[in-house]
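**Student:** Numbering (our numbering), first residue to last: 24 to 522. Glycine residues also receive a C-beta, built at the ideal position from the N, C-alpha and C atoms. None of the values given here were measured: they were computed from a predicted structure. Structure below; questions to follow.
If you want it as structure tokens, here you go:
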């Protein structure tokens, strides 16, 4: 079946042909006709299956038949969780709409807001945005939602996860009741699907791949290894296998920076992208990775959204994700467009629970491959699909003095047990709890600890890093987290800079 058979107009068919696409993907075959009919859609498709074109093409055709946007107004709103993904979607809008007289813009945090306000003043037909910056612009009357005809939530599992739900609800409250709603994502967990159905009206549900399954073109396995040997093993794998382009996932921003330093000391060109990096630094790192100047790109989950490389050969999980669905997102970065890919996970004994959750989600046990010289001293327990390993016992809390620090009582690292970086805190002495002034080495202790489960504050930081809430703040250039961030710049959630 061809794109012409889907009812697309000649200008769109010409743009598609110029990209050397001649056959629609399965998600496009189902989504394009449904969107053209004006139906609400919930579509689950693996990353790299062409889902962006699945909504961009029919939306552009609908817009071309109507009147142009009025000043400060928009006709289509596309929300994404990250700056990188927003830029990628906007690029698709420009490429596919090059032969149409339509206008578009992309807005996100980390850059000056005034040029974005000037762009919106003229009105745009398609606006691609991250939620935080969009609310900032709306609050300054730079954009009006009265004429919104279509709302798109891209990476809907992230957009509707608890991290962004509050901003999403604020935006929904200002949109016209009569509109078309489209939700596209790689995965939909049961909770997210339930929440999503409350936002769409009688949606057509599309599932190209079985829910929460991995891409068939990706070969994936794990290397059991002690945590302290992970960096050395990664360097060994890169050099032994002559990897020239690999995407490495780190659970934390501090861990990403530390790993880049270790790789560069070994003579391996590497760069990191995460929420603490400026937009310019992230763009340069990604460009260097795509053109081969940067051999290894180390990223956190939310920063990796928007990385679109058709033939990325290797993805490495330096740390397993706290959320098992993120494993599917991660390995979906390789094995695209029919090419084969490899997904390698370096797993220590502390991560057995995360490993088991991932294996239950994808319905298969990951093969284990031991590397000579890197056999773990701390054995990685065996896992089965019949039952999961028990959760580690929760340590008893020690008596505390007067509470201090964060409003929600959350403390990080050693301070959560009443200790200071240089030794035992005096009895009853309060911690300062001032953001950005960490008096302990909590960021380092979390990333370098040997054995035992991550602390409660570590889990919270890691989770909020990519899926936790966004909260309004005075800084219009950052995507805030919903919870008060643990002390220290390195411990901020990774969606801190995405507004």
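Just mark residue 297 as buried or exposed, buried being the case when its beta carbon has 16 or more other beta carbons within 10 Å.
**Tutor:** As a position in the chain shown, residue 297 is number 274, starting the count at 1. It is buried - the Cβ of residue 297 has at least 16 other Cβ atoms within 10 Å.
**Student:** Judging by CA-CA distance, which residue of 46, 140, 249 and 170 is the nearest neighbour of residue 394?
**Tutor:** Along the chain shown, read from residue 1 onward, the residue named residue 394 stands at position 371. It is 249 whose Cα lies nearest to the Cα of residue 394.
**Student:** So within the region 316-393, which uninterrupted beta strand (DSSP E) runs reach at least 3 residues, ignoring any that extend past its ends?
**Tutor:** Counting only runs of 3 or more, we get 319-322, 337-340 and 364-370.
**Student:** To the nearest angstrom, how far is the alpha carbon of residue 41 from that of residue 32?
**Tutor:** The residue you call residue 41 lines up with position 18 of the chain shown. The residue you call residue 32 lines up with position 9 of the chain shown. Their backbone Cα atoms lie some 14 Å apart in a straight line.
**Student:** Which term fits residue 387, buried or exposed, when burial requires 16 or more other beta carbons within 10 angstroms of its beta carbon?
**Tutor:** Start at 1 with the first residue of the chain shown, and residue 387 comes out as number 364. So residue 387 ends up on the exposed side.
**Student:** Which value, in whole angstroms, describes the spacing of the CA atoms of residue 37 and residue 45?
**Tutor:** As a working note, residue 37 is residue 14 in the chain shown. As a working note, residue 45 is residue 22 in the chain shown. The alpha-carbon atoms of residue 37 and residue 45 are separated by roughly 11 Å.
**Student:** Suppose only complete runs of 4+ residues qualify. What are the alpha helix (DSSP H) ranges in the region 259-317, listed by chain order?
**Tutor:** You should have 276-288 and 302-314.
**Student:** Express the C-alpha separation of residue 125 and residue 25 in angstroms, rounding to a whole number.
**Tutor:** On the chain shown, residue 25 is found 2 positions in, with the first residue counted as 1. On the chain shown, residue 125 is found 102 positions in, with the first residue counted as 1. Rounded to whole angstroms, residue 25 to residue 125 spans 25 Å at the Cα level.
**Student:** Here's the rule: buried if 16 or more other CB atoms are within 10 angstroms of the residue's CB, otherwise exposed. What is residue 382?
**Tutor:** For the purposes of this step, residue 382 is taken as residue 359 along the chain shown, with counting starting at 1. Counting Cβ neighbours within 10 Å, residue 382 comes out buried, since at least 16 surround it.
**Student:** What do you get for residue 54, buried or exposed, if any count of 16 or more other CB atoms within 10 angstroms of its CB means buried?
**Tutor:** Translated into positions along the chain shown, residue 54 becomes position 31. Label assigned to residue 54: buried.
**Student:** Closest by CA to residue 374, which one among 365, 347, 385 and 335?
**Tutor:** Residue numbering aside, residue 374 sits at position 351 when the chain shown is read from its first letter. Closest option to residue 374, Cα to Cα, is 347.
**Student:** Among residues of its own chain, excluding the 5 on either side of residue 74, which ones have a beta-carbon nearer than 7 Å to its beta-carbon?
**Tutor:** Counted from its first residue, the chain shown places residue 74 at position 51. Cβ neighbours of residue 74 beyond the five flanking positions: 50, 66, 68 and 207.
**Student:** Hey, could you find the ends of the beta strand (DSSP E) residue 228 is sitting in?
**Tutor:** By 1-based counting over the chain shown, the position of residue 228 is 205. Here the beta strand (DSSP E) through residue 228 covers 227-230.
**Student:** Under 8 Å, with one C-beta from each stretch per pair, do the region 89-104 and the region 215-224 reach the 3-pair mark?
**Tutor:** The region 89-104, when compared against the region 215-224, does not touch it at the 8 Å Cβ threshold.
**Student:** Roughly how far, in whole angstroms, is the beta-carbon of residue 113 from the beta-carbon of residue 134, given that I think they are within contact range, below 8 Å?
**Tutor:** Position 90 of the chain shown, counted from the first residue, corresponds to residue 113. Position 111 of the chain shown, counted from the first residue, corresponds to residue 134. The pair is not a contact, with the Cβ atoms about 13 Å apart (cut-off 8 Å).
**Student:** Please list the terminal residues of the continuous beta strand (DSSP E) segment that includes residue 100.
**Tutor:** Along the chain shown, one-based indexing puts residue 100 at 77. 97-102 is the extent of the beta strand (DSSP E) around residue 100.
**Student:** Let me know the secondary structure DSSP gives residue 18 once reduced to three states.
**Tutor:** There is no way to answer for residue 18, as the model of the chain reaches only from 24 to 522.
**Student:** Would residue 275 be called buried (16 or more neighbouring beta carbons within 10 Å of its own) or exposed?
**Tutor:** On the chain shown, position 252 is the one that residue 275 refers to. Buried, because 16 or more other Cβ atoms sit within 10 Å of the Cβ of residue 275.
**Student:** What residue ranges within the region 35-121 form continuous beta strand (DSSP E) runs of no fewer than 3 residues, ordered along the chain?
**Tutor:** Counting only runs of 3 or more, we get 64-67 and 97-102.
**Student:** Report back the beta-carbon spacing between residue 30 and residue 56 to the nearest angstrom; my notes put them in contact at under 8 Å.
**Tutor:** The count along the chain shown starts at 1 and reaches residue 30 at position 7. The count along the chain shown starts at 1 and reaches residue 56 at position 33. The pair is a contact, with the Cβ atoms about 7 Å apart (cut-off 8 Å).
**Student:** I'd like to confirm the pairing. Which residues does DSSP put opposite residue 128 in its beta bridges?
**Tutor:** Here residue 128 refers to the residue found at position 105 of the chain shown. Bridge partners of residue 128: 150.
**Student:** Taking the alpha-carbon positions, what's the residue 367 to residue 353 distance?
**Tutor:** Within the chain shown, the letter at position 344 stands for residue 367. Within the chain shown, the letter at position 330 stands for residue 353. Taking the straight line joining both Cα atoms gives about 11 Å.
**Student:** What separation, rounded to the nearest whole angstrom, lies between the Cα atoms of residue 369 and residue 397?
**Tutor:** Here residue 369 corresponds to residue number 346 of the chain shown, with the count starting at 1. Here residue 397 corresponds to residue number 374 of the chain shown, with the count starting at 1. Each residue's Cα considered, the two are about 11 Å apart.
**Student:** My understanding is that residue 131 touches residue 153, with C-beta atoms under 8 Å, so please give their C-beta distance in whole angstroms.
**Tutor:** Taking the first residue of the chain shown as 1, we reach residue 131 at position 108. Taking the first residue of the chain shown as 1, we reach residue 153 at position 130. Indeed they touch by this definition, with Cβ atoms about 4 Å apart.
**Student:** Given a threshold of 16 other Cβ atoms within 10 Å of its Cβ, counted over all protein chains shown, does residue 217 qualify as buried or as exposed?
**Tutor:** If you number the chain shown from 1, residue 217 lands on position 194. Answer is exposed; the Cβ neighbour count stays below 16.
**Student:** Give the secondary structure of residue 243 by DSSP, where H, G and I count as helix, E and B as strand, and everything else as coil.
**Tutor:** Here residue 243 refers to the residue found at position 220 of the chain shown. Strand at residue 243.
**Student:** Consult DSSP for residue 170 and reduce its assignment to one of helix, strand or coil.
**Tutor:** The sequence position of residue 170 within the chain shown is 147, counting from 1. Coil.
**Student:** Hey, quick one: how far does the alpha helix (DSSP H) through residue 137 stretch, first residue to last?
**Tutor:** For the purposes of this step, residue 137 is taken as residue 114 along the chain shown, with counting starting at 1. Start and end: 137-144.
**Student:** Check the C-beta distance from residue 115 over to residue 147 and give it rounded, since I have them as a contact under 8 Å.
**Tutor:** Taking the chain shown and counting its residues from 1, the one referred to as residue 115 is at position 92. Taking the chain shown and counting its residues from 1, the one referred to as residue 147 is at position 124. Wrong, their Cβ atoms sit about 15 Å apart, outside the cutoff.
**Student:** Could you give the DSSP three-state label for residue 211: helix, strand or coil?
**Tutor:** Locating residue 211 in the chain shown gives position 188, counting from the first residue. DSSP places residue 211 in coil when its eight states are reduced to three.
**Student:** My output table needs one value for residue 177: the three-state DSSP class, helix, strand or coil.
**Tutor:** Walking along the chain shown from the start, residue 177 turns up at place 154. If DSSP states are grouped into helix, strand and coil, residue 177 belongs with the strands.
**Student:** Is the beta carbon of residue 319 sitting closer than 8 Å to the one on residue 286?
**Tutor:** In the chain shown, residue 319 corresponds to position 296, counting from 1. In the chain shown, residue 286 corresponds to position 263, counting from 1. For residue 319 and residue 286, yes; Cβs fall inside 8 Å.
**Student:** My guess is that residue 269 and residue 283 are in contact by the Cβ rule of under 8 Å, so how many angstroms apart are they, rounded?
**Tutor:** Position 246 of the chain shown, counted from the first residue, corresponds to residue 269. Position 260 of the chain shown, counted from the first residue, corresponds to residue 283. Between residue 283 and residue 269 the Cβ distance is about 13 Å, and since that is not below 8 Å, they are no contact.
**Student:** Determine the DSSP secondary structure at residue 403, reduced to helix, strand or coil.
**Tutor:** By 1-based counting over the chain shown, the position of residue 403 is 380. In the structure shown, residue 403 sits in coil (DSSP, three-state: anything other than H, G, I, E or B).
**Student:** Taking a contact to mean a Cβ-Cβ separation below 8 Å, would you say residue 390 touches residue 266 in this structure?
**Tutor:** Residue 390 sits at position 367 when you count from the first residue of the chain shown. Residue 266 sits at position 243 when you count from the first residue of the chain shown. No, Cβ-Cβ distance for residue 390 and residue 266 is not below 8 Å.
**Student:** Whose C-beta lies closer than 7 Å to the C-beta of residue 80 among residues of the same chain, with five residues either side of it excluded?
**Tutor:** By 1-based counting over the chain shown, the position of residue 80 is 57. Same-chain partners within the cutoff: 31, 35, 55 and 119.
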